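Quick notes on the structure that follows.
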Amino acid sequence: MVQVQNKITIQRSHITQLLNQLTVDYQSTKSERKHIFEHYPGSDEAFSLLEELELLTVDICGYATQVQTARPQNWQQTIAHLQTLRVFDRPVIAQFYAETPSRYPQIQAYIRTLDYLRLLVLEYGQMQPDNLLTSA
Amino acid sequence: MSEQSSVPDEDNPLFIDRTEAEVAEICQYLAEWTSGTYESVTQSVLNHAERKGFEPLRYLRKAHQFNRKGAQRIPKSGYRQDDSAVYRKGKEFMIVRPDQYGTEKIVTYGINED
Chain A
72 MVQVQNKITI QRSHITQLLN QLTVDYQSTK SERKHIFEHY PGSDEAFSLL
122 EELELLTVDI CGYATQVQTA RPQNWQQTIA HLQTLRVFDR PVIAQFYAET
172 PSRYPQIQAY IRTLDYLRLL VLEYGQMQPD NLLTSA
Chain B
-7 MSEQSSVPDE DNPLFIDRTE AEVAEICQYL AEWTSGTYES VTQSVLNHAE
43 RKGFEPLRYL RKAHQFNRKG AQRIPKSGYR QDDSAVYRKG KEFMIVRPDQ
93 YGTEKIVTYG INED
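As structure tokens, then:
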């Protein structure tokens, strides 16, 4: 039990660091985002790349801030939702990532970090004692 | 204000060093937002403002001033499978989700230059 608690504490610290890193990384993507806005405006029927990325950022960072403040939450529901937020499941993001390997290095790194943060929060949820008991 | 009550919450970080008029203004704007996956609307706004490099009240004002009338909406009616819709106007955008009463609440607001 103590070992699980230690893992949870370390994981929370890691999530906090990554959340702060993502804020810094977002600001460093400014010039690339400006270029993407001009060249990938989106259609009349679908979210643009930047809109899709913004919504994922908000949804994932929301859960990450709850971990940061150690708020209790319904982990089963959170885990299920996080599994639907796979960054590379969004066609517009997957296509952009595959087609522009070197043109937008900051945004590419941001996309990877965001999905890594999602996975860390997901893993954190799976470590929760209540969740371990339920899934045992 | 605590988001469930009309009594201003002195511990709310958005209210630190604010005048009474500013607190009232912030309370009015917070009612336009949804907490989404955040613990509270306040946490959501603080996180957004920090990431986008805005002073929080300035960020709330900008979002409040965004005029959805005349903006392009995607989808044109209803919502996507994840219950979201986006309004676009020039370089500004606002993503919304309906609350349990069907009232659209702000999930995020941005300017494609920030």
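Chains as they are written, first to last, in the numbering used here: chain A, 72 to 207; chain B, -7 to 106.
Don't be surprised by glycine CBs; every beta carbon is placed ideally from N, CA and C.
Because the structure is a prediction, the values reported are computed rather than measured.
Taking 7 angstroms as the CB-CB cut-off, is residue i touching chain A?
i: G28 of chain B; result: yes
i: N39 of chain B; result: yes
i: S(-2) of chain B; result: Residue confidence is low: S(-2) of chain B scores 49 on pLDDT, short of 50, so the model does not pin down where it sits. Its coordinate-derived value is still stated next. Not an interface residue.
i: I98 of chain B; result: no
i: Q57 of chain B; result: no
i: I8 of chain B; result: no
i: E31 of chain B; result: yes
i: Q35 of chain B; result: yes
When burial is assigned at 16 or more other CB atoms within 10 Å of the CB, is residue i buried or exposed?
i: H159 of chain A; result: In the sequence on display, residue 159 of chain A carries Phe and not His. Looking at its Cβ environment, which holds fewer than 16 other Cβ atoms inside 10 Å, F159 of chain A is exposed.
i: Y101 of chain B; result: buried
i: L93 of chain A; result: buried
i: R189 of chain A; result: buried
i: Y71 of chain B; result: exposed
Quick one: does residue i have its CB under 7 angstroms from some CB of chain B?
i: V138 of chain A; result: no
i: F159 of chain A; result: no
i: F167 of chain A; result: no
Practice prompt. Entirely within the stretch 89 to 162 of chain A and at least 4 residues each: give me those alpha helix (DSSP H) ranges in chain order.
Written response: 101 to 110, 120 to 139 and 146 to 154
Practice prompt. Report yes or no: do the stretch 157 to 167 of chain A and the stretch 113 to 122 of chain A share at least 3 C-beta pairs separated by less than 8 angstroms?
Written response: yes
Worksheet item: If you measure beta-carbon to beta-carbon, which residues of the stretch 123 to 152 of chain A are closer than 7 angstroms to chain B?
Response: E125, L126, V129, D130, C132, G133, Y134, T136, Q137, T140 and R142
Discussion item. Counting only Cβ-Cβ distances shorter than 7 angstroms, please list the residues of the stretch 78 to 104 of chain A near chain B, keeping chain order.
Written reply: T94, Y97, Q98 and R104
Fill in: Stretch pair the stretch 66 to 85 of chain B + the stretch 31 to 39 of chain B: three plus CB contacts closer than 8 angstroms
The stretch 66 to 85 of chain B is not in contact with the stretch 31 to 39 of chain B.
Item to complete: For the stretch 168 to 181 of chain A and the stretch 138 to 146 of chain A, state whether three or more C-beta atom pairs, one from each stretch, are separated by less than 8 angstroms.
Response: no
Discussion item. Going residue by residue through the stretch 26 to 63 of chain B, where are the continuous alpha helix (DSSP H) segments of at least 4 residues, counting only ones entirely within it?
Written reply: Fully contained in the stretch 26 to 63 of chain B are the following alpha helix (DSSP H) runs of length 4 or more, in chain order: 33 to 44 and 48 to 57.
Worksheet item: Should the stretch 84 to 103 of chain A be regarded as contacting the stretch 61 to 78 of chain B, the criterion being three or more beta carbon pairs within less than 8 angstroms?
Response: no
Worksheet entry | Touching by the beta-carbon criterion (3+ pairs, under 8 angstroms), the stretch 39 to 55 of chain B and the stretch 72 to 82 of chain A | They do not touch, by the three-pair rule.
Item to complete: Could you run through the stretch 168 to 181 of chain A and flag, in chain order, every residue whose CB is less than 7 angstroms away from some CB of chain B?
Response: none
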